[in-house]
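To start, the structure under review is shown below, and the notes come after it.
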Amino acid sequence: MSNIFLKNRTINEFRWENLGDVKAGREDLGEEMPVVVYRLMQFTMLDVLTKEFGSDKANEFFTKAGFLAGSEFAKNVLDLTVDFNTFLSNLTQALVDLKIGVLRMEAFEVESGKLVLTVGQDLDCSGLPVTNETVCHYDEGFIAGILHAYTGKPYSVKEVDCWASGDRVCRFNAEVAS
Amino acid sequence: MGDLLYAPRQAHIEPAEFSDDLKDFAEGLSVFGRMVGETRTLANQLSRGELNIELPSHDNELAAPLKALHATLKHLAWQTKQVARGDYSQHINFMGEFADSFNDMISQLETQRHRLQQEMSLVGRQVEDLERSSSLFEAISGSMPEWIVMVDKETGEHLFVNHPPESVLASEIFEKQLFEILLEYAKPMQMSDEPRTESFSLISDVALQYFELRLYPIMWYQHEAVACVLTDVTQEMEEHSRLEDVAYRDTQTGVFNRHFGMQKLGEWVGDEKEFFLVFVDMDMLKYVNDEFGHGEGDIYIKTVADLLAGVSGEAIVSRLGGDEFMVLLAKKDAGGRDFRGMEELFEHLRDTLAASSQVNEKGEVRYARSMSIGIVDVKKGNRLSSSDLLSLADERMYNYKRAHKKDRRV
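Protein chains in written order, with the numbering used here: chain A, 93 to 270; chain B, 377 to 786.
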């Protein structure tokens, strides 16, 4: 007999609360884990998706997942009511606190909303072997999701430099999608 | 390799010129040479502070640290612009000692801004308080009926006026006159002086205005000033004058009454003033009243009163009773007359009165108007009291009346 209280509950549809109470659940091991474990999951998943759907489609899935993550992260972790400078400062600090990466702005045009930023020591790619390609599709979506949550405008984010392409930081160009 | 290091513009290698077994080596050397060249170019650009540049190719691992430096400098440039715009949330957590200094600088700027904001807030509150006080002062001073004029003691300038002069002064010609009076009162005042009260009047052909003036010495914006608070007391003065008339005047004739006349006589005696006291008694008033009615009697009384009032503008003429009058005339106002001169004057008045006697339709005199006179010359060293003097004058008047009885005719 099904449990009425668990009806319509599924882990497949993302909800912030489904991330669970990590502290309670990992009483001894704690909330942190090595980056390598994160990458193990990410790249094996990429491998499977690529073999199943091709690399373009797999990358597209990663971008979409990143967008969802960025939106939820912004809504649940950041204050979306503050001015842009404060928002950026809070975002930078949150990314450092969660050890996602070191965000640095390089340019921002107030009128167009266009911006250039870099992420150093990126969780996804820093230290990867150079393959002469940009690989941070998840980050592209993540950043677009954050910017959309804050500005309410659809953002298109493109990685132009990446550790995997031989750079030491990942550089992203972001602009409001037409 | 030498050219790569010391003559980079000439450094060139053509793998095709190499034999097959060295081609890979030559190709590798060519890639290395490209990377060295790109890295050198980037280093030169960074040394010149050029940041908006085309970066070396992605595969250039040799240039990677410089590309990281380029990214860092780009971010620093952006942070500096943000700071210039007032965004003090910028913080550098890399670049060692430079980061410490930068972060210190931002922290100090933020502290200064915070302090300035506090000061501005304080000044803002003070300005608000001042505006409130000023508005309260304006509301109070504007609604006060008193006229406040702040006069600079040195320059005579009016530092503050709560009402425009035209709303206070009865005539515009008073303005200059008034400010001259205020300066005259204000100038001698010292800052340590107690507030003082004065009263003055402004007179012109068309208007008369009385003021009560209260003077307060005040230091105001480094000016020694005097706050002149003026109250228009014209109405009160007029009322006072009206009451004085009621109290001191004989309503029937307009000359002073007995009370005022006796009061003046007492004062003059007390002051040892030299003057003439003239006791006047109208002749035959009872007869006129009985024969011609009280209306005619009243006309007769008013005629005598007007005649006596015309003696001198300075004379105190008072009606002592129904047909009795007293005239007090200071010797300095008597036009140099002595006792004899006074007798002549009143004889002349008597003639004038007689000439005003009424005649009937046949030209016959209805009754003769006349008066009896008793004059006392009050000299320096007089020992008689006011009642003694009046009795003496009364006695002389009686003697006069008796002596002139035969002159009187109906």
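We put the CB at the ideal spot given by N, CA and C, even for glycine.
As the structure is a prediction and not an experimental result, all values here were calculated from the model.
Name, please, each residue of chain A whose Cβ falls closer than 7 Å to the Cβ of ASN436/B. GLY258
What alpha helix (DSSP H) runs, 4 residues minimum, are completely inside the segment 619-701 of chain B? 634-646, 661-668 and 670-685
Do SER733/B and ALA744/B have their C-beta atoms within less than 7 Å of each other? yes
Alpha helix (DSSP H) containing HIS451/B: first to last residue? 440-460
Are the CB atoms of PHE271/A and GLY244/A nearer to each other than 7 Å? Nothing in the structure corresponds to residue 271/A, since chain A is present only between 93 and 270.
Do ARG107/A and the ligand COA come close, with the Cβ less than 6 Å from some heavy atom? Here there are no bound small molecules, and the ligand COA is not part of this structure.
Classification of ASN436/B by the beta-carbon crowding that lies within 10 angstroms, buried from 16 upward: Around the C-beta of ASN436/B, 16 or more other C-beta atoms lie within 10 Å, and the residue is accordingly described as buried.
At a CB-CB cut-off below 7 Å, which residues of chain A make contact with ALA440/B? By Cβ distance, chain A contributes GLY258, ASP259 and ARG260.
Along chain B, in chain order, which residues have C-beta atoms closer than 7 Å to that of LEU222/A? Note that residue 222/A is Val in the sequence shown here, rather than Leu. Contact note: VAL222/A reaches chain B through ASP435 and GLU437, using a C-beta cutoff of 7 Å and chain order.
On the DSSP letters alone, give me the boundaries of the alpha helix (DSSP H) that HIS240/A sits inside. Note, HIS240/A: alpha helix (DSSP H), 229-243.
Since I believe GLU723/B is in contact with ASP709/B (beta carbons under 8 Å), could you give me their beta-carbon distance rounded to a whole number of angstroms? Contact flag wrong, Cβ pair sits at about 20 Å.
Under a CB-based cut-off of 7 Å, is THR142/A close to chain B? no
Inter-residue spacing [alpha-carbon to alpha-carbon] between ALA769/B and MET747/B: 14 Å
With DSSP as the reference, label GLY500/B as helix, strand or coil. helix
Along chain A, in chain order, which residues have C-beta atoms closer than 7 Å to that of GLN458/B? Proximity of chain A to GLN458/B at the Cβ level (cut-off 7 Å) is accounted for by ASN177, in chain order.
Listed in chain order, which residues of the segment 196-217 of chain A have Cβ atoms closer than 9 Å to some Cβ of chain B? ARG196, MET197, GLU198, ALA199, PHE200, VAL208, LEU209, THR210 and GLY212
Identify the residues that DSSP records as bridge partners of GLU267/A: which are they? SER248/A
Please classify HIS490/B: does DSSP put it in a helix, a strand, or coil? helix
Where does ASP659/B land, buried or exposed, given buried means 16+ other C-beta within 10 angstroms? So ASP659/B ends up on the buried side.
From this set, THR415/B, LEU452/B, HIS388/B and GLU426/B, which residue's C-alpha is nearest ALA439/B's C-alpha? THR415/B
Please say whether ALA583/B and TYR592/B have beta carbons closer to each other than 7 Å? no
Close-in-space but distant-in-sequence residues of the same chain around ASP259/A (CB under 6 Å, 5 per side omitted): ASP253
I need the boundaries of the beta strand (DSSP E) containing GLU720/B, first residue and last residue. Taken as a continuous stretch (DSSP letters only), GLU720/B belongs to no beta strand (DSSP E), being part of the alpha helix (DSSP H) at 715-731.
Looking only at C-alpha atoms, which of LEU684/B, PHE668/B and ASP753/B sits nearest to VAL741/B? The closest CA to that of VAL741/B, considering only LEU684/B, PHE668/B and ASP753/B, is found on PHE668/B.
In chain order, what residues of the same chain have a beta carbon less than 6 Å from the beta carbon of ASP626/B, not counting five sequence neighbours either side? ASN633 and ARG695
Should MET845/B be labelled buried (16 or more other beta-carbon atoms within 10 Å of its own) or exposed? This structure leaves residue 845/B out entirely; chain B is present only between 377 and 786.
Starting from the Cα of LEU132/A, find the closest Cα among GLY193/A, ALA269/A, SER270/A and LEU220/A and give me that residue. LEU220/A
Helix, strand or coil for GLN611/B per DSSP? helix
Please list the terminal residues of the continuous alpha helix (DSSP H) segment that includes LEU418/B. 396-423
Spell out a yes or no on whether the segment 377-388 of chain B and the segment 191-210 of chain A are touching, meaning 3 or more CB-CB pairs, one atom from each, closer than 8 Å. no
What number of angstroms, rounded off, separates the C-alpha of VAL140/A from the C-alpha of THR155/A? 16 Å
State the DSSP-derived secondary structure class of GLU551/B, mapped to helix, strand or coil. Annotated three-state conformation of GLU551/B is helix, per DSSP.
Assigned secondary structure, ILE524/B (DSSP; H/G/I helix, E/B strand, else coil): Assigned with DSSP and collapsed to three states, ILE524/B falls in strand.
Measuring straight from C-alpha to C-alpha, what distance separates LYS149/A and GLN213/A? 26 Å
Using a Cβ-Cβ distance under 7 Å, would TRP523/B count as near chain A? no
Enclosing alpha helix (DSSP H) for SER767/B [first to last residue]: 762-779
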